[in-house]
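Trainee:
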Amino acid sequence: MTRPARRRAPIDYALFGAAVALLVIGVVMVYSASAIYAEKNLGRPLHFFQRQFIWAVVSILAMGAMSRLDYNRLREYVAPLFAVTCLTLVAALFYPSVAGARRWIRLGPIGLQPAEFAKFTGVLFLAAYLDKKHSKLGSFLHGIAVPLAVVGVLLLLIGLEPDLGTPAQMFCVAVLLLFVAGTRWRSIAGALALAAPIVAVELWRKPYRRARLLSFLHPFENIKGAGYQLSQSILAVGSGGWTGKGVGASKLKLLYLPTPHTDFIFPVICEELGLVGAAAILALFATILVRGVRIARAAPNLFGTLLAAGISFTIVLQAFFNVAMSIGLVPTKGIPLPFISYGGSSLLATMLGVGVLLNISRQTRAEAVK
Numbered sequence: 085m086t087r088p089a090r091r092r093a094p095i096d097y098a099l100f101g102a103a104v105a106l107l108v109i110g111v112v113m114v115y116s117a118s119a120i121y122a123e124k125n126l127g128r129p130l131h132f133f134q135r136q137f138i139w140a141v142v143s144i145l146a147m148g149a150m151s152r153l154d155y156n157r158l159r160e161y162v163a164p165l166f167a168v169t170c171l172t173l174v175a176a177l178f179y180p181s182v183a184g185a186r187r188w189i190r191l192g193p194i195g196l197q198p199a200e201f202a203k204f205t206g207v208l209f210l211a212a213y214l215d216k217k218h219s220k221l222g223s224f225l226h227g228i229a230v231p232l233a234v235v236g237v238l239l240l241l242i243g244l245e246p247d248l249g250t251p252a253q254m255f256c257v258a259v260l261l262l263f264v265a266g267t268r269w270r271s272i273a274g275a276l277a278l279a280a281p282i283v284a285v286e287l288w289r290k291p292y293r294r295a296r297l298l299s300f301l302h303p304f305e306n307i308k309g310a311g312y313q314l315s316q317s318i319l320a321v322g323s324g325g326w327t328g329k330g331v332g333a334s335k336l337k338l339l340y341l342p343t344p345h346t347d348f349i350f351p352v353i354c355e356e357l358g359l360v361g362a363a364a365i366l367a368l369f370a371t372i373l374v375r376g377v378r379i380a381r382a383a384p385n386l387f388g389t390l391l392a393a394g395i396s397f398t399i400v401l402q403a404f405f406n407v408a409m410s411i412g413l414v415p416t417k418g419i420p421l422p423f424i425s426y427g428g429s430s431l432l433a434t435m436l437g438v439g440v441l442l443n444i445s446r447q448t449r450a451e452a453v454k
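Each residue of the sequence shown is one higher than the last, beginning at 85 in this note's numbering.
1) In terms of residues, what are the limits of the alpha helix (DSSP H) holding Arg270?
2) Tell me whether Thr343 sits in a helix, a strand or coil according to DSSP, three-state version.
3) What are the boundary residues of the alpha helix (DSSP H) that includes Leu210?
4) Just curious, the beta strand (DSSP E) that Arg190 is in, first and last residue?
5) Following the continuous alpha helix (DSSP H) through Ser396, name the residue where it begins and the one where it ends.
6) Report the residue from Phe201, Gln253 and Gln447 whose alpha carbon sits nearest the alpha carbon of Ala176.
7) Between the Cα of Ile372 and those of Gly249, Leu401 and Ile189, spot the shortest distance and give me the residue it belongs to.
8) Can you tell me where the alpha helix (DSSP H) holding Val438 begins and where it ends?
9) Is Asp96 buried or exposed, if buried means 16 or more other CB atoms sit within 10 Å of its CB?
10) Alpha carbon to alpha carbon, how far is Gly101 from Pro94? Give it in angstroms, no decimals.
11) Considering only DSSP beta bridges, list what Gly195 is partnered with.
12) Taking the straight line between their C-alpha atoms, what separation do you get for Arg159 and Asp215?
13) Return helix, strand or coil for Ala452, following the three-state DSSP convention.
14) For a quick check, are the C-beta atoms of Phe224 and Ser181 less than 7 Å apart?
15) Gly206: buried (16+ other C-beta within 10 angstroms of its C-beta) or exposed?
16) Taking the alpha-carbon of Ser425 as reference, which of Trp139, Leu262, Phe204 and Ser151 has the nearest alpha-carbon?
17) Please determine if the region 119-128 and the region 144-159 are in contact, where contact requires at least 3 C-beta pairs separated by less than 8 Å.
18) Could you say which of Gln197, Leu210 and Leu106 lies nearest to Ala393 if we only look at CA atoms?
19) Going by other Cβ atoms of all chains shown within 10 Å of its Cβ, with 16 needed for buried, is Ala387 buried or exposed?
20) Using C-beta distances below 7 Å, list every residue in its chain close to Phe137, excluding the 5 sequence neighbours before and after it, in chain order.
21) Keeping to the same chain, check which residues put their C-beta closer than 8 Å to that of Gln253; ignore five residues upstream and five downstream.
22) Taking only the alpha-carbon atoms, compute the straight-line gap between Lys290 and Pro164 and give it to the nearest angstrom.
23) Taking Cβ to Cβ, would you say Met113 is nearer than 7 Å to Ile365?
24) Which runs of the beta strand (DSSP E) at least 3 residues long sit entirely within the region 217-267? Give them in chain order.
25) Would you mind reading off the limits of the alpha helix (DSSP H) that contains Val114?
26) Locate the alpha helix (DSSP H) running through Pro495, then write down its first and last residues.
27) Starting from Arg381, trace the alpha helix (DSSP H) both ways and give me its first and last residue.
28) Using the Cβ count rule (16 or more neighbours within 10 Å means buried), how would you classify Val141?
29) Who are Val182's beta bridge partners in DSSP?
Encoded structure:
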């Protein structure tokens, strides 16, 4: 009996174009949002732009290399990648804290954030595990307990940094993958019921999280305190109008926010490019979601389907959380906007994920050849 043949499909140009367009917009907006901050604090207005540009070049090369690697071979590296991810997350806890969190590993002039790569490590593990145990997903042990326990190790290590936003995002992606793989609804509902009180306790346990939650509920009540970031962000989003004030003309970046080129870069985009520019960026993320789902549906095996779905969910859900945070729909968290926020780790990890999607897209189903 012969195996189903695979034909090499052309590259998914819509996905590739959307990713590169977002990356280019990100480099431009990092320059626009960071120049004044970099000039005042470092005396070098091009500091963040130059670093982001270098990371953009490295990330494009990494995406190209990953797009040529058969995604099926990634199964072989699940265990070592998971182990390395855990080790780097543990190592980050012993480095000096930055802004009250231990999330970075310094390698000379390079700073890496292991949690950004952990997002895709978790997706890779779940795709491989759920594919291997697909016939046993009806049981609570194999369908919920084991996969969430293993991913929970990553969530715990990231939570110790401390970080609540990234574990919450990863948990949402995990639940979506369990649903796609065919895990029973009752088991998924049970997992959500167990997670809800944990999130509630974590939100209330830290004073700064309580302050963020209260500022989310009443953003303009304490405009000079805990609600300062969110209120400034909302004002910037509204002041852009339809077409914006023009690239470089944002007032929000004039030291009204500590680091406008990182997590709060979307309000700068809204202020400078207006509703039209913001809608165009959201349309590019929607393109990535649509193409990612299409790739998942056409993948030649369940592993490819789950891997493509997980990567797509990770990128788009992160973008949703960042944008929602910027306009006051969810509490403020340190979640970067994929492709656009300043940060080499986030950019590299995201582009590697796009490379995997491009590889899966080229291995479509074909008729069995006798």
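Don't be surprised by glycine CBs; every beta carbon is placed ideally from N, CA and C.
Mentor: Reading it off the structure:
1) Trp269 to Arg289
2) Shown here, Thr343 sits in coil according to DSSP, grouped into three states, outside any helix or strand.
3) Pro198 to Lys216
4) Ile189 to Leu191
5) Leu386 to Ser410
6) The residue with the shortest Cα to Cα distance from Ala176 is Phe201.
7) Leu401
8) Gly428 to Ser445
9) buried
10) 14 Å
11) The partner list for Gly195 (beta bridge, DSSP) reads Arg190.
12) 10 Å
13) Note on Ala452: pLDDT 29, under 50, position unreliable in the model; the coordinate value appears next. Reduced to three states, the DSSP call for Ala452 is strand.
14) no
15) buried
16) Trp139
17) Fewer than three pairs of CB atoms, one per stretch, sit closer than 8 Å, so the region 119-128 makes no contact with the region 144-159.
18) Leu210
19) The amino acid occupying residue 387 in the given sequence is Phe; Ala does not appear at that position. Burial call: buried.
20) Val111
21) Lys203, Thr398, Leu401, Gln402, Phe405 and Ile419
22) 34 Å
23) no
24) Note on the region 217-267: there is no whole beta strand (DSSP E) run with a minimum of 3 residues.
25) Tyr97 to Leu126
26) In the structure as shown, the chain starts at 85 and stops at 454, and residue 495 therefore has no counterpart that could be examined.
27) Segment Ile349 to Ala382, the alpha helix (DSSP H) holding Arg381.
28) Exposed, by the Cβ-count rule.
29) Ala185
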